[in-house]
Amino acid sequence: MERMSRDAKDLLHGTLDLLVLRALAGEPMHGFALSKWIDDRTNGDLGIVDSALYKALHRLEDAGAIHAEWGASDNNRRAKYYSLTAKGRRQLRDEVATWKHYVATVTSVLEPG
Amino acid sequence: MRKSPRTLPSGIRRLFRLPPTRDRLIRDADEEMRLHLELWTQEFRARGLSQANAEAEALRRFGNQHSYRDYVARRAERKARLERIADWFAEWRQDIRFALRHFAKAPAFTAIAVLTLSLGIGANTAIFSVVHRLLIAPLPYPNGDRIVALKTIGRVGFVAGLASMKPDDPADPPRPLMRAWVARTHSFDQMAGAEQMLLSILPSGEQDTVSHGVITANFLDLLGARPSLGRMFRPEEEQRGANHVAMISHHWWQAAYAGRSDVLGKTLEYEGEKYTIVGVMPVGFAIPMSPRVLDWISVPAPDVWVPAKIENTSIAFGLLRRGVSVEMATKELNAIANTPEGRGVGDPQRLFGVPDSIHARAMRAQDFVAPRELRTIEVLFVAVGALLLIACANVANLLLVRAWTRRREFAIRTGLGAGRARLIRLALTESVLLAIGAGVIGVAIAWQGLRVIIALRPMALDRLADVQIEPAVLLWTAAISIITGVLFGGAAAFFVASQNVADLLRSDTRTSSGGATRRLRSSLIVVEIALSFALLVGGGLLARSFAALQRTPLGFDPHNLVSVDVLISPAIARSGQKAVVRNAVAPRLAAMPGVSAAGFGMLPTAGYQASDAILADTPDGPRQLDVSQFMTTWIDENYFRTAGIKLLGGRTPHVGSTDEPPNPSGALPPPPGPGLPGAKPAGPVQTFRTLSEEVVVNRALARRITPDGNALGKRIRSVPVGRSPMPVSDAWSTIVGISDDVHLPGARSDLQDYQIYSLPLTRMPNPTYAVRFATVPPNVESVLRQAVQSVNATLIARRARVADDYLREALAPTRFTLALLGAFACVALMLAVVGLYGSIAYTVSQRTREIGIRIALGASSRAVTRLVVGDGVRLAAIGLMIGIVTAVAATRLLSGLLYGISSSDPETFVMIAGLVAVVALAASYLPARRAARVDPVDALRAE
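As given, the protein sequences belong to chains A and B, one line each in that order.
Start counting the first sequence at 1; every next residue gets the next number (this note's numbering).
Start counting the second sequence at 114; every next residue gets the next number (this note's numbering).
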């Protein structure tokens, strides 16, 4: 898939939080690991800048959806690890449901006939 | 993954010198970003890029570094700020907890401090309520500050006066003037009229003083008020014939109709007419700026209100246009009043002569407070201010002493990291909490105090009858509570701030035992003594004034003397029987059981006011006396005996030497004063006497006629000033007797100084009789009524006035001020004395070691006593000196209120100084005795 248009990127900004929550649902990650995870899953197609990612992380932390803790990385560097809180898990579940419903609704409109 | 420390309370953070939140957050974000870039660089290198390209690619991936760092910085600021606020709140809560715990540990101290302050704050609240009710928001209506009453200064036209009427009292405008104002003014959005009609016959036929109110349709609108139920009158209902509608008072609605809403539409029978009830007035509604008391008789607020056009009412009100000031309105009223139209030239309906000039005024409710009352309020305001200062000084002293006792506690707190600012804040929190507690209790004290004020109020301040603690007043209380707290808390905080931690921790009292604080405490005591002295001098001066007033020779005997008005019906007057009936009443009254004498006449000093000129007949022709006003009392031969007025020479006038022959047409000419638009006399023009042929004058007036006062046989007559509607005869009256002067205590004026006693003339209005009882019965008015009606059943007797009440009212203003000022002064002295005692006692306990040494070295107990008492005497002396200077200045405020004594009367000053000195001596003596009994061994051993 070629690079998406600018409009599509703006639209996607709002769903960045959703991706972050999904990524952290599995295991706690630090910022680099998170950006790599998303990059791998989407083949870089989304073109997400890392600073936006960190801003999303701060936003989610202030909202209480994720929890940040300093720890040691694999090569013993001091890194900040992010994990989901109970509230974050609930938010993830709700937003996934909403997203699926949204997609299904729009798709049904777009279908010919 | 290892955990790291989370956020810590700021105290610990400060203690361990951890960096503040903001910097920490920014550094963390930087570190995170650095790691992120490094790892991506590694990744790109693993994908085959060169080091330089990998770094560049990592940076490009990251996006705009600057905007990210800005974002981080802003977020860090926000979080740091929130944290600071949370910390601040936590500290504040902690301060309050500490303060409350401290109070719990020292209940006596807390109780004394709070009570002392609550007295000061309570007194202030009460007096401010009075100020608020009289001067700031006197009218409880939304348009209150724009409502003015339209008055003339001095009654225009002839006076059938009330003794209370002074020539510069505000009076209601005559009809022509009101009409002119309604037609010509531009200063008002609206004008409305009202009147209160006093009646003596209830619907049930009983006689009593009741009233109903008459208002224009827009009256409530002008005030900005709304009816409690139903509607106001409509303009068309003001017309006679269309006005059989009425509104009833809220009080009556509750009493007679149980507050039911089906009262609307019911029919009301009143004065023989039927009215339909269309609405209910707001609670407590009455005509604004109208006295509730008329001739010393309380007039109830009307229960029934009917509509009328503004020309048919007598009290006019205006709603000032926005932007129009009272002065501008007064100017316009005056201008119109002095046009021919305003003066009533050519007006066929006018009752009085056309005056040469009229002085008009638009008056707000505040303007009805006379200068004397204003002065009283000023004095009281200053007095409670002084009282509050004394209370603050006392509590400041208490706090300073406590602070010294707690010095170790403060030292430990400082050692634990509480900054100086924090300690000061702690001290202030305690003070403000004390003050707030005192404010709450103070409001309760003020409420009680207001009840006393309402009970004692003089008639001039009758508006205080419904004074209460209003929201604005509570705001004032809260404000002064806080300011008070900060004021005396500042004293303690000052102490705290001036201490050195090391000194504090040392328990050795040989170091300066709070030298600075002792000086501060002494100064406070001196201030207290000075202020109490000033208050006491004020009270003393007023007390002596009051005593002087009570000793004023009255010239008559007021005890159990009663007067009663009698209304003679027009039917009797038409039949020509008026004089006969009139003369028959007095003997019937005198014959009542328990009555020692009765006569024709009003209470002394309650006669008719006239501003006519008095001419004396001299060999060189008539000479006008230098008398601007005098009082005329209509009497019979029993009057002086009944009233207890001494005749200094001559005799009473003979009955029969009075009335001019009745008018040949048989119709009576209109009497002077408010009356019916009269039938004009037909036939030849009759002139009318103003005084009977034989008159009695009082000594003061006699002295005006001849310097030696022997005016018997001299002739005088009175001439109306300005044109009168009736031609006045130029016949002379002969002075046949000279009476003693009569006075009410208090303000003197020409009105009371010059008295003429005349036999009644045909024209005089309804008579008044004076009756002396052995003791006044409680139902005196109905007793009198029965006697009067036994002469003729159509006679109406009303307005029984008791001279004792009259007298009490003359003394009431001084009594009022004296009671309040006296109370404040006593409380102030009490506080100052307690403060002095506490201070000396504390100083003694501080100097225990020193005293112990002196005793051990051989000082006698008398020497020690002298030492301690000397301290107290020194403070008292300085306080008295400052107090004298303060009092001389402050008592000048009282000068308009004092009677027979000057505001710097030396005798009073000396007496009060002596009192304060004795009390101060006693307060110092008690601790001194304790000091003398100190056991030196204990003293030296104690710390």
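Beta carbons: idealized from backbone N, C-alpha and C, even for Gly.
Within 9 Å, strictly: CB atoms of residue i and residue j
{"i": "Arg830 of chain B", "j": "Tyr867 of chain B", "result": "no"}
{"i": "Asn811 of chain B", "j": "Asp749 of chain B", "result": "no"}
{"i": "Asn905 of chain B", "j": "Ala711 of chain B", "result": "no"}
{"i": "Pro926 of chain B", "j": "Glu491 of chain B", "result": "no"}
{"i": "Thr15 of chain A", "j": "Trp99 of chain A", "result": "yes"}
{"i": "Leu814 of chain B", "j": "Leu738 of chain B", "result": "yes"}
{"i": "Val675 of chain B", "j": "Val889 of chain B", "result": "yes"}
{"i": "Leu539 of chain B", "j": "Ala212 of chain B", "result": "yes"}
{"i": "Asn507 of chain B", "j": "Leu637 of chain B", "result": "yes"}
{"i": "Leu644 of chain B", "j": "Ala499 of chain B", "result": "yes"}
{"i": "Glu144 of chain B", "j": "Thr154 of chain B", "result": "no"}
{"i": "Thr542 of chain B", "j": "Arg533 of chain B", "result": "no"}
{"i": "Tyr919 of chain B", "j": "Pro571 of chain B", "result": "no"}
{"i": "Ala1030 of chain B", "j": "Ala989 of chain B", "result": "yes"}
{"i": "Val556 of chain B", "j": "Thr590 of chain B", "result": "yes"}
{"i": "Met705 of chain B", "j": "Val896 of chain B", "result": "yes"}
{"i": "Val20 of chain A", "j": "Ile66 of chain A", "result": "yes"}
{"i": "Gly762 of chain B", "j": "Ala236 of chain B", "result": "no"}
{"i": "Ile851 of chain B", "j": "Phe743 of chain B", "result": "no"}
{"i": "Pro978 of chain B", "j": "Ala1041 of chain B", "result": "Note that residue 978 of chain B is Thr in the sequence shown, not Pro. Yes, the Cβ-Cβ distance between Thr978 of chain B and Ala1041 of chain B is below 9 Å."}
Minimum Cβ-Cβ distance from residue i to chain B less than 9 Å
{"i": "Asp50 of chain A", "result": "yes"}
{"i": "His101 of chain A", "result": "no"}
{"i": "Lys80 of chain A", "result": "yes"}
{"i": "Arg77 of chain A", "result": "yes"}
Nearest-angstrom beta carbon gap, residue j and residue i [assumed within contact, 8 Å]
{"i": "Ala71 of chain B", "j": "Gly431 of chain B", "result": "Here chain B comprises residues numbered 114 to 1056, so residue 71 of chain B is not present and cannot be evaluated."}
{"i": "Asp50 of chain A", "j": "Arg174 of chain B", "result": "6 Å"}
{"i": "Ala1057 of chain B", "j": "Ile537 of chain B", "result": "Here chain B covers residues 114 to 1056 and nothing more, so residue 1057 of chain B does not appear."}
{"i": "Val419 of chain B", "j": "Leu342 of chain B", "result": "Going by Cβ atoms, the distance from Val419 of chain B to Leu342 of chain B rounds to 17 Å, so no, they are not a contact pair."}
{"i": "Val327 of chain B", "j": "Met310 of chain B", "result": "6 Å"}
{"i": "Thr329 of chain B", "j": "Ile423 of chain B", "result": "5 Å"}
{"i": "Ala585 of chain B", "j": "Val227 of chain B", "result": "Not quite, the Cβ-Cβ distance comes to about 24 Å (not below 8 Å), so this is no contact."}
Closer than 8 Å: residue i CB and nearest the ligand MN heavy atom
{"i": "Gln479 of chain B", "result": "For the structure depicted, the ligand MN is absent and the ligand set is empty, with no information on it obtainable."}
Residue-chain proximity (residue i, chain A), Cβ-Cβ < 9 Å
{"i": "Phe157 of chain B", "result": "no"}
{"i": "Val185 of chain B", "result": "yes"}
{"i": "Glu145 of chain B", "result": "yes"}
{"i": "Ala167 of chain B", "result": "no"}
{"i": "Asn507 of chain B", "result": "no"}
{"i": "Arg140 of chain B", "result": "no"}
{"i": "Arg137 of chain B", "result": "no"}
{"i": "Gly161 of chain B", "result": "no"}
{"i": "Asn177 of chain B", "result": "yes"}
{"i": "Ser180 of chain B", "result": "yes"}
{"i": "His245 of chain B", "result": "no"}
{"i": "Thr630 of chain B", "result": "no"}
{"i": "His215 of chain B", "result": "no"}
Residue-level contact to chain D via CB, residue i, 9 Å cutoff
{"i": "Gln164 of chain B", "result": "Checking the listed chains, one finds no chain D in this structure; the protein chains it contains are A and B."}
| said: Give me the subset of the stretch 351–366 of chain B whose CB atoms are less than 8 Å from a CB atom of chain A, sorted by chain position. | reply: none
| Which residues, taken in chain order from the stretch 48–74 of chain A, show a beta carbon closer than 7 Å to some beta carbon of chain B? | Val49, Asp50, Ser51, Ala52, Tyr54, Lys55, His58, Glu69, Trp70, Gly71, Ala72
| field | Contained alpha helix (DSSP H) runs [length at least 4] in the stretch 482–528 of chain B, N- to C-terminal order | value | 484–518, 520–528
| field | Runs of beta strand (DSSP E) wholly within the stretch 1015–1040 of chain B (minimum 3 residues, chain order) | value | none
| message | Can you pull out the residues from the stretch 17–43 of chain A whose beta carbon lies closer than 8 Å to at least one beta carbon of chain B? | response | Pro28, His30, Gly31, Phe32, Ser35, Lys36
| Can you list, in chain order, the residues of the stretch 185–212 of chain B whose Cβ is nearer than 7 Å to any Cβ on chain A? | Arg188
| request: Please specify which runs of the alpha helix (DSSP H), each continuous and at least 4 residues long, are wholly inside the stretch 339–427 of chain B, giving them in chain order. | output: 363–370
| request: Enumerate, from N- to C-terminal direction, the unbroken alpha helix (DSSP H) stretches of 4 or more residues contained entirely within the stretch 22–48 of chain A. | output: 31–42
| said: In chain order, what are the residue ranges of uninterrupted beta strand (DSSP E) at least 3 long that sit wholly in the stretch 803–837 of chain B? | reply: 807–811, 828–832
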